[in-house]
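Asks:
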Amino acid sequence: MEITQDIIKKLLINELFIETPEDKINIDDGLQSIIGLDSLGFIELRVLCEKKFGVKISDENFTSEHFSTIRCLAQLIDSLKNNGH
């Protein structure tokens, strides 16, 4: 799961242009409250993760709970990969 978390951090910095340095982003930081993603940012992150990890994040899984932190999102992605979604 750590690899997934690291990739998500890199997506946030390199693709969504989060200005926080990678070493300052905690995997339990709130993606909205601390990192500052807005609604469009969450949609972009969903699409980026689907492409990068080869998974389909259904509308059912596109929730504030699953996208609350890097850790939660990585758990969702790893679960989807393990289940072949």
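One point on numbering: in the numbering used here, the residue at position 54 of the sequence shown is 96, and numbering is uninterrupted. Glycine included, every Cβ here is placed at the ideal spot set by N, Cα and C.
(1) According to the neighbour-count rule (16 or more other Cβ atoms, all chains shown, within 10 Å of its Cβ), is L82 buried or exposed?
(2) Does the Cβ-Cβ distance between E57 and L90 come in under 7 angstroms?
(3) Confirm, please, whether the CB-CB distance from E107 to I99 is below 7 angstroms.
(4) With D48 as the anchor, note down where its alpha helix (DSSP H) starts and where it stops.
(5) Among all the DSSP beta bridges, which residues are the ones paired with G126?
(6) What residue range is occupied by the uninterrupted alpha helix (DSSP H) comprising I85?
(7) Taking the DSSP output, what are the residues bridged to T105?
(8) What does DSSP give as the partner residues of G72 in its beta bridges?
Replies: On the basis of the supplied data:
(1) By the C-beta density criterion, L82 is exposed, having fewer than 16 other C-beta atoms within 10 angstroms.
(2) Yes, the Cβ-Cβ distance between E57 and L90 is below 7 angstroms.
(3) 7 angstroms or more divides the Cβ of I99 from the Cβ of E107.
(4) Taken as a continuous stretch (DSSP letters only), the alpha helix (DSSP H) holding D48 covers 44-56.
(5) None, per the DSSP bridge assignment.
(6) Judged by DSSP secondary structure, I85 falls within the alpha helix (DSSP H) whose first and last residues are 81-95.
(7) In the DSSP output, where bridge partners are listed per residue, T105 has none listed.
(8) G72 pairs with T111.
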